[in-house]
Amino acid sequence: MAPDEGRRAPAREKDDRGTSSQEWRDDNKNEEGAAEDEEREAAARRAAFFRSRSFRIAAAIAVVAIVVAALLWWLHARHYESTDDAFVDTHIVHLSPQIAGQVIKIYVRDNEQVHKGQPLVEIDPAEAQAKLDQARAQQAQAETQYQQSLATEKGVEAQAENAAQDLARYRSLQTTAPQAVSQQQLDQASTTARNTKAQLAAAHAQIASGSAQIEVAKAQVAAARLDLGYTHIVSPVDGHVAQRSVAVGNYVSPGQELMAIVPLELWVTANFKETQLTLMRPGQPVTIEVDACPKEELRGHVDSIQRGAGQAFAILPPENATGNYVKVVQRVPVKIVLDSVPKDCPIGPGMSVVPTVKVR
73 MAPDEGRRAP
83 AREKDDRGTS
93 SQEWRDDNKN
103 EEGAAEDEER
113 EAAARRAAFF
123 RSRSFRIAAA
133 IAVVAIVVAA
143 LLWWLHARHY
153 ESTDDAFVDT
163 HIVHLSPQIA
173 GQVIKIYVRD
183 NEQVHKGQPL
193 VEIDPAEAQA
203 KLDQARAQQA
213 QAETQYQQSL
223 ATEKGVEAQA
233 ENAAQDLARY
243 RSLQTTAPQA
253 VSQQQLDQAS
263 TTARNTKAQL
273 AAAHAQIASG
283 SAQIEVAKAQ
293 VAAARLDLGY
303 THIVSPVDGH
313 VAQRSVAVGN
323 YVSPGQELMA
333 IVPLELWVTA
343 NFKETQLTLM
353 RPGQPVTIEV
363 DACPKEELRG
373 HVDSIQRGAG
383 QAFAILPPEN
393 ATGNYVKVVQ
403 RVPVKIVLDS
413 VPKDCPIGPG
423 MSVVPTVKVR
């Protein structure tokens, strides 16, 4: 009886496993069917929602709102012209010495604000002072020689006058009393008169030469005085020091750049497209956004519009008469003057800005 039960047990286990697998498949089918039913119901609800009156009203309102917003934006934007091809500009002053010499003192630091006439650099004045002293000595010598020439002229002038009077007297006597004056006396008087006249002319020439020498000496003194003044370099404008390259002890030469001064007077050069210039005129107000100071909005106005596109002033301007021509919208520089510059915004030449011009 035990062996029979052992043989029948596996069959029962198989039947049990078969029954369990069938139930599992049935359960899965039921779950999948329920999910499909839920998805169909959700799709039906979405379709009903999109077909509903409330959705259509909301969609219509949204479309109208977008159209109105776009229209308002266009109505507002057509009054303004803007560009991001713009930068802060000014005429940077490059300082160079006008005489050679050794730098003995520097009065300013990098990026320091300076005022017109403020001392910047001192060059050793010893050589320039020596040249000035020498020029003054030469002027004094020329003036002394000139005074001597004047004194000589007076003596020669008196001698010439006496000689001329003697000659006139001898000639008068020869006419009235020929026996009273010999020909030798007359000739000697004539020779003396000619010599003294020549000496007087030489004295006049010497005086003229002395006067010219004085003028030359004065010019040399003035030049030496200028050279001495050039040893003291001052700021020509109000501004800020930039790119200082000189140090105490450097030997500098004329034309060598020592530093640059960025003036306080700044403006914006904006390169607008030529199609943006239709309504742009000088005097129109401008708002300016500065990349370095995003919280600051500067105010300005259009000062002038350059007569010609930027490419016309290039080193190699285009030659459109040759080859195939493709029209490209050009950019024209517009100068925008700042009405005020905020103190806390360190703007300077080359910095990017975005100007917006109110053209209507």
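Sequential numbering from 73 applies to the sequence shown in my numbering.
Idealized CB from N, CA, C, for every residue including glycine.
| query | Looking at C-beta atoms only, is the number of pairs between the region 235–245 and the region 255–275 that lie closer than 8 Å three or more? | reply | yes
| query | So does the region 400–415 actually touch the region 329–349, counting three or more Cβ pairs closer than 8 Å? | reply | yes
| With a CB to CB cut of under 6 Å and the five nearest residues on each side skipped, what residues in its chain are close to Ala114? | Working through the sequence shown from its first residue, we reach residue 114 at position 42. Hits under 6 Å: none found.
| request: Could you have a look at Lys188 and say whether DSSP puts it in helix, strand or coil? | output: As a first step, residue 188 must be located in the sequence shown, where it is residue number 116. If DSSP states are grouped into helix, strand and coil, Lys188 belongs with coil.
| said: Out of Val409, Ala158 and Thr216, which one is the CA nearest neighbour of Ile279? | reply: Looking up residue 279 in the sequence shown gives position 207. Taking only the C-alpha atoms, the option nearest Ile279 is Thr216.
| Those residues which DSSP pairs with Ser154 across a bridge | Walking along the sequence shown from the start, residue 154 turns up at place 82. Looking at the DSSP assignment, Ser154 forms a beta bridge with Thr428.
| request: Using the Cα positions of Pro82 and Glu108, report the straight-line distance between them to the nearest angstrom. | output: Residue numbering aside, residue 82 sits at position 10 when the sequence shown is read from its first letter. Residue numbering aside, residue 108 sits at position 36 when the sequence shown is read from its first letter. For Pro82, the pLDDT reaches just 48, beneath the cut-off of 50, and the residue's location in the model is therefore unreliable, leaving the point undetermined.
| query | Can the beta-carbon of Pro421 be found closer than 8 Å to that of Val306? | reply | For the purposes of this step, residue 421 is identified with residue 349 of the sequence shown, where counting begins at 1. For the purposes of this step, residue 306 is identified with residue 234 of the sequence shown, where counting begins at 1. No. Outside cutoff.
| Boundaries (first-last residue) of the alpha helix (DSSP H) holding Thr263 | Residue numbering aside, residue 263 sits at position 191 when the sequence shown is read from its first letter. Start and end: Gln255 to Tyr302.
| query | How long is the line joining the alpha carbons of Phe385 and Asp156, rounded to whole angstroms? | reply | Counted from its first residue, the sequence shown places residue 385 at position 313. Counted from its first residue, the sequence shown places residue 156 at position 84. Straight-line Cα distance between these residues: approximately 21 Å.
| message | Here's a check: name, in chain order, each residue in its chain whose Cβ is nearer than 6 Å to the Cβ of Glu229, leaving out the five neighbours to either side. | response | As a first step, residue 229 is located in the sequence shown; it is residue number 157 there, counting from the start. Counting only Cβ-Cβ distances below 6 Å, and skipping sequence neighbours, we find Leu272.
| query | If you draw a straight line from the C-alpha of Gln220 to the C-alpha of His163, how long is it? | reply | Here the question's residue 220 lines up with position 148 in the sequence shown. Here the question's residue 163 lines up with position 91 in the sequence shown. Distance between the alpha carbons of Gln220 and His163: 55 Å.
| query | Just the Cα atoms here: how many angstroms apart are Ser424 and His304? | reply | By 1-based counting over the sequence shown, the position of residue 424 is 352. By 1-based counting over the sequence shown, the position of residue 304 is 232. Distance between the alpha carbons of Ser424 and His304: 36 Å.
| said: By DSSP's criteria, Asn343 is part of a beta bridge. Which residues make up the other side? | reply: Locating residue 343 in the sequence shown gives position 271, counting from the first residue. Partner(s): Pro405.
| field | Proximity below 8 Å, CB of Arg184 to CB of Val313 | value | Numbered from 1 along the sequence shown, position 112 holds the residue referred to as residue 184. Numbered from 1 along the sequence shown, position 241 holds the residue referred to as residue 313. The amino acid at residue 184 is misidentified as Arg; the sequence shows Glu. In contact: Glu184 and Val313 (Cβ atoms closer than 8 Å).
| request: Quick one: grab the DSSP three-state call for Met331. | output: Taking the sequence shown and counting its residues from 1, one reaches residue 331 at position 259. Residue state, collapsed to three classes: strand.
| message | Assuming contact is defined by CB atoms lying nearer than 8 Å, are Glu329 and Leu167 in contact in what I supplied? | response | On the sequence shown, residue 329 is found 257 positions in, with the first residue counted as 1. On the sequence shown, residue 167 is found 95 positions in, with the first residue counted as 1. Yes, they are a contact pair.
| task | Could you pull out every residue in the same chain whose Cβ sits closer than 8 Å to the Cβ of Val413, ignoring the five residues on either side in sequence? | result | Residue numbering aside, residue 413 sits at position 341 when the sequence shown is read from its first letter. Contacts found: Leu336, Leu338, Leu370 and Ile419.
| request: Measure the C-alpha to C-alpha separation of Thr350 and Lys367 and round it to an integer number of angstroms. | output: Along the sequence shown, read from residue 1 onward, the residue named residue 350 stands at position 278. Along the sequence shown, read from residue 1 onward, the residue named residue 367 stands at position 295. Between Thr350 and Lys367, the C-alpha separation is close to 31 Å.
| request: Say whether the region 279–292 touches the region 204–214, bearing in mind that this needs 3 or more beta-carbon pairs closer than 8 Å, one atom from each stretch. | output: yes
| field | Simplified DSSP state of Gln201, which is helix, strand or coil | value | For the purposes of this step, residue 201 is taken as residue 129 along the sequence shown, with counting starting at 1. Correct three-state label for Gln201: helix.
| query | Is it buried or exposed for Gly380, if we count other Cβ within 10 angstroms and need 16 for buried? | reply | On the sequence shown, position 308 is the one that residue 380 refers to. Answer is exposed; the Cβ neighbour count stays below 16.
| On the three-state DSSP scale, how would you describe Ala116? | Here residue 116 corresponds to residue number 44 of the sequence shown, with the count starting at 1. If DSSP states are grouped into helix, strand and coil, Ala116 belongs with the helices.
| Residues near Thr91 by beta carbon distance below 8 Å, same chain, minus five either side | Start at 1 with the first residue of the sequence shown, and residue 91 comes out as number 19. Confidence in Thr91 is poor, its pLDDT being 49 and thus under 50, which makes the residue's placement unreliable; the coordinate value appears in the next sentence. Closer than 8 Å at Cβ, skipping near neighbours: no residue.
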